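Participant: What follows is a structure written as structure tokens; I'll ask about it next.
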Amino acid sequence: MRSRKNHTRRQSDPQATRTGASRRRFSRREFLHLSGLGALGTLAAASLGWTPVSLAMRGAEGSTPDVEIALEAVVDQDAILPGATTTVWRYRATLLKGPADTVQPLPDTYLGPILNLRTGQNVRITFTNRLPNNEETIVHWHGLHVPEAADGHPRYVIAPDESYVYDFTVRDRPGTYWYHPHPHGRTGPQAYYGLAGLILVSDPNQRAAQGLPTGQYDLPLVLQGRRFDAQNQLVYSAEMAGFLGDRILVNGRPDVTRTVERTSYRLRLLNGSNSRIYKLAWSDNTPLTVIGTDGGLLDQTVQRPYVTLGPAERVELLVDFSQWPAGTTLTLRSLAFSTTGGGNGSLPNGAEFPVMNFAISESAGPTPTPTPAPTAPPTQNQHVFLPLVSKSGAQAQAARVQADRTFSLYMQAGQWTINGRAFEMEAVAPDEVVELNATEVWEFINQRPGGGGMQGGQPHPMHIHGLQFRVLSRQAPTNATQRANWETVKDGYVDEGWKDTVLLMPGEGIQLQLQFQDYTGLYLYHCHNLEHEDMGMMRNYRVVPPTAG
Ligand code: C2O
Ligand code: CU
Ligand code: CU
Numbered sequence: 006m007r008s009r010k011n012h013t014r015r016q017s018d019p020q021a022t023r024t025g026a027s028r029r030r031f032s033r034r035e036f037l038h039l040s041g042l043g044a045l046g047t048l049a050a051a052s053l054g055w056t057p058v059s060l061a062m063r064g065a066e067g068s069t070p071d072v073e074i075a076l077e078a079v080v081d082q083d084a085i086l087p088g089a090t091t092t093v094w095r096y097r098a099t100l101l102k103g104p105a106d107t108v109q110p111l112p113d114t115y116l117g118p119i120l121n122l123r124t125g126q127n128v129r130i131t132f133t134n135r136l137p138n139n140e141e142t143i144v145h146w147h148g149l150h151v152p153e154a155a156d157g158h159p160r161y162v163i164a165p166d167e168s169y170v171y172d173f174t175v176r177d178r179p180g181t182y183w184y185h186p187h188p189h190g191r192t193g194p195q196a197y198y199g200l201a202g203l204i205l206v207s208d209p210n211q212r213a214a215q216g217l218p219t220g221q222y223d224l225p226l227v228l229q230g231r232r233f234d235a236q237n238q239l240v241y242s243a244e245m246a247g248f249l250g251d252r253i254l255v256n257g258r259p260d261v262t263r264t265v266e267r268t269s270y271r272l273r274l275l276n277g278s279n280s281r282i283y284k285l286a287w288s289d290n291t292p293l294t295v296i297g298t299d300g301g302l303l304d305q306t307v308q309r310p311y312v313t314l315g316p317a318e319r320v321e322l323l324v325d326f327s328q329w330p331a332g333t334t335l336t337l338r339s340l341a342f343s344t345t346g347g348g349n350g351s352l353p354n355g356a357e358f359p360v361m362n363f364a365i366s367e368s369a370g371p372t373p374t375p376t377p378a379p380t381a382p383p384t385q386n387q388h389v390f391l392p393l394v395s396k397s398g399a400q401a402q403a404a405r406v407q408a409d410r411t412f413s414l415y416m417q418a419g420q421w422t423i424n425g426r427a428f429e430m431e432a433v434a435p436d437e438v439v440e441l442n443a444t445e446v447w448e449f450i451n452q453r454p455g456g457g458g459m460q461g462g463q464p465h466p467m468h469i470h471g472l473q474f475r476v477l478s479r480q481a482p483t484n485a486t487q488r489a490n491w492e493t494v495k496d497g498y499v500d501e502g503w504k505d506t507v508l509l510m511p512g513e514g515i516q517l518q519l520q521f522q523d524y525t526g527l528y529l530y531h532c533h534n535l536e537h538e539d540m541g542m543m544r545n546y547r548v549v550p551p552t553a554g
């Protein structure tokens, strides 16, 4: 039976594991073994006439799914610029089971549909790779707390026309998450050609969300940088500093002007760029009101003069457009800042540019934000739902919290590393093993150990899979030039909430509190500058069962 899939490498063959370390593929059948079903299960499946996929579906968390989605990565054409269409790669989804709004297509974009998930749902997603030219891929649900087999580790890549079945329960806080490819070495180009989409997790019982704008007043905004050639085709190169592009797209379109009413909006911003950092501010210097971060709503609303948003980070803003007269055009800008590793081209990291415009019109109706709240109906025009706390610089000045593990980010032998190590498909070093249920403090330091006072370096947006963490403290760079650069972005950090990605400027240090819950197995932590990631600035950590006693 095995021989029918002759390209399949057997997982039990350690030689295959080693030789295939960087470009492994798992077939459906091999996934059966990963699911713990084994040869007996395959045999039973064959004799009953089931396909291996339907049997594999019984693995993972094991409950009957409430939601079933068929997801594909396909090649398509999109009219991004005037004139010729652009060849893009994109996610397409079909809802097979579940609430009708689960798959919500975004109009006029190459971005994948929004996946609207609810806390507690058992979700099954069957992903099929329809990319050309033997392009292997796998999907990762960025920010979600899922079993290892559903996390999209690069060792689970599938070849074109193969499928992978994800089973997981939504255990996440309501918030703004996203999905994107995660093959080793090809995440940058695949995401760049268009493979990305949002996941909005909601919980109908969440009290904090009651009174927040919903429906057309809840705007997801994905910020991405692209470069086009004269034929309107996407240009990409894996630059050492990270690929930037010179056109800023919002939800896949350039030069966006969105008409909004004079009422409150919830803006969910995702930095979906490969490596660009945004320093977001209103054109008239009105402070930004922040209500959420990567892992959902904050305990308290905070204000910032601007928000610094590194690759993969999310921030949610509450904007009351009634504070401006009708007819106003307000611009969301990215302000200038100073950094090394700025990349090249006409729009380097740290350049100032407009992100998008909001054209403010009169309100269409008196009750613009109906919220389905069975127990406590919200009052109308409830603009501020939590006490407003004004802080700046976040915990930037807090004392350094003692760390359990330290990870230094630096260049070694021409390669970006974490503690001097680059990615190896299945390798886990002794200091990358953690115990289930443990609470730890992890520290990232954006410089070579003992290299304090050194100049140079690059920003690194560090991301940890499988969980959301809290930021305990940060340290400013000690080098004067690095410190001066850091001063131009630090008031825009939002460290108050749950995070899965944090930006570290050159010379900066940060301490995070993490807890490893529910799942053992192999998870990733890495720089989310996708070019750094592809070049190996990524490592595994393994969650093991707690030692007795
Ligand atoms: Cu957004 Cu490892 O990924
Ligand atoms: Cu992730
Ligand atoms: Cu990096």
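Numbering-wise, our numbering puts 510 at position 505 of the sequence shown, and it's gapless, one number per residue. For each residue, glycine too, the CB sits at the ideal point set by N, CA and C. Computed from a predicted model, the values in this text were never measured in an experiment.
W146 bridges to which residues according to DSSP?
Facilitator: According to DSSP, W146 bridges with Y184.
Participant: When we look at the beta-carbon of S242 and count the other beta-carbons within 10 Å, is it buried (16 or more) or exposed?
Facilitator: Its Cβ having fewer than 16 others within 10 Å, S242 is exposed.
Participant: What does the shell around ligand 1 hold, if a residue joins when its beta-carbon is under 6 Å from any heavy atom?
Facilitator: Checking every Cβ against the heavy atoms of ligand 1 under 6 Å gives H145, H147, H185, H187, A317, H468, H470, L529, H531 and H533.
Participant: Hey, how far is the Cα of N534 from the Cα of T192?
Facilitator: About 10 Å.
Participant: For E140, tell me which candidate among P188, P152, G180 and Q480 has the shortest Cα-Cα distance.
Facilitator: The shortest Cα separation from E140 among P188, P152, G180 and Q480 belongs to P188.
Participant: What residues in its chain sit with their C-beta under 6 Å from that of T107, if we drop five residues either side in the sequence?
Facilitator: Correct list, in chain order: V72, L100 and N121.
Participant: Output the distance between the C-alpha atoms of A213 and V261, rounded to the nearest integer angstrom.
Facilitator: Approximately 31 Å, taken between the alpha carbons.
Participant: So which of A489, T344 and Y546 has the shortest CA-CA distance to Q463?
Facilitator: Of A489, T344 and Y546, the residue nearest in Cα terms is T344.
Participant: Could you tell me the alpha carbon to alpha carbon distance between D523 and Y198, rounded to whole angstroms?
Facilitator: Roughly 34 Å separates the two Cα atoms.
Participant: By the three-class DSSP mapping on this structure, what secondary structure does A155 have?
Facilitator: It is helical.
Participant: Give me, in chain order, the residues of the same chain whose beta-carbon lies closer than 6 Å to that of L114; leave out the 5 immediate sequence neighbours on both sides.
Facilitator: Reading the sequence as shown, one finds Thr at residue 114 and not Leu. Excluding sequence neighbours, T114 sits near N256 and G257.
Participant: Grab me the residues of L254's own chain with a C-beta within less than 7 Å of its C-beta, minus the 5 sequence neighbours each way, in chain order.
Facilitator: Counting only Cβ-Cβ distances below 7 Å, and skipping sequence neighbours, we find Q229 and R231.
Participant: Indicate, with yes or no, if ligand 3 has a heavy atom lying under 7 Å from the CB of Q555.
Facilitator: In the structure as shown, the chain begins at 6 and stops at 554. Residue 555 is therefore absent and cannot be evaluated.
Participant: Just how far apart, CA to CA, sit G157 and W146?
Facilitator: Answer to the nearest angstrom: the Cα atoms are 7 Å apart.
Participant: Between H537 and ligand 3, is the CB less than 7 Å from at least one heavy atom?
Facilitator: Yes, ligand 3 has a heavy atom inside 7 Å of this Cβ.
Participant: Determine the closest residue to P152 out of E437, V320, G526 and G247, with distance taken between C-alpha atoms.
Facilitator: The option with the nearest alpha carbon to P152 is G526.
Participant: Could you tell me if Q236 is buried or exposed, where buried requires 16 or more neighbouring beta carbons within 10 angstroms of its beta carbon?
Facilitator: That one is exposed.
Participant: Could you tell me whether any non-hydrogen atom of ligand 3 is closer than 7 Å to the CB of W421?
Facilitator: Yes, the beta carbon of W421 sits closer than 7 Å to at least one heavy atom of ligand 3.
Participant: Cα separation between D81 and R410?
Facilitator: Taking the straight line from one Cα to the other gives about 45 Å.
Participant: Quick check on the burial criterion: 16 or more other C-beta atoms within 10 angstroms. Buried or exposed for A196?
Facilitator: By the neighbour-count rule (16 or more Cβ atoms within 10 Å), A196 is buried.
Participant: Taking just the CA atoms, how far does P159 sit from R547?
Facilitator: Between R547 and P159, the C-alpha separation is close to 15 Å.
Participant: What does DSSP give as the partner residues of Q480 in its beta bridges?
Facilitator: Its beta-bridge partners are G514.
Participant: Quick one, which of G220, Y283, T333 and P330 has its alpha-carbon nearest Y311's?
Facilitator: It is Y283.
Participant: With DSSP as the reference, please indicate the residues paired to V324 in a beta bridge.
Facilitator: DSSP output for V324 lists Y270 as bridge partner(s).
Participant: From L337 to L293, what distance separates their C-alpha atoms?
Facilitator: Rounded to whole angstroms, L337 to L293 spans 10 Å at the Cα level.
Participant: Pull up the distance between the alpha-carbon of M5 and that of V507, whole angstroms please.
Facilitator: Because residue 5 is not part of the residues shown, which for the chain are 6 to 554, the question remains open.
Participant: DSSP three-state label for P435, please.
Facilitator: Three-state DSSP puts P435 in a helix.
Participant: With respect to the alpha helix (DSSP H) encompassing R192, which residues constitute its N-terminal and C-terminal limits?
Facilitator: The displayed chain sequence assigns Thr, not Arg, to residue 192. It spans T192 to Y197 - the alpha helix (DSSP H) in which T192 sits, taken as one unbroken run.
Participant: With DSSP collapsed to three states, give me the class of N545.
Facilitator: Of the three classes helix, strand and coil, the one that applies to N545 here is strand, per DSSP.
Participant: Nearest CA to the CA of T91: which residue from E244, L239 and M467?
Facilitator: Closest by alpha carbon: L239.
Participant: Determine which residues share a DSSP beta bridge with Q417 and list them.
Facilitator: DSSP lists Q420 as partners of Q417.
Participant: What number of angstroms, rounded off, separates the C-alpha of L322 from the C-alpha of R273?
Facilitator: One C-alpha to the other measures close to 7 Å.
Participant: For ligand 3, any of its heavy atoms closer than 7 Å to the Cβ of M542?
Facilitator: It does: the Cβ of M542 is within 7 Å (strictly closer) of some heavy atom of ligand 3.
Participant: Give the range of the beta strand (DSSP E) segment to which D71 is assigned.
Facilitator: Premise fails: D71 is in no beta strand (DSSP E) and is neither H nor E.
Participant: Tell whether a beta-carbon distance below 8 Å holds between L200 and Y96.
Facilitator: The answer is yes: Cβ separation under 8 Å.
Participant: Look up F449 in the DSSP assignment and give the residues it is bridged to.
Facilitator: Beta-bridge pairing links F449 to F412 and I515.
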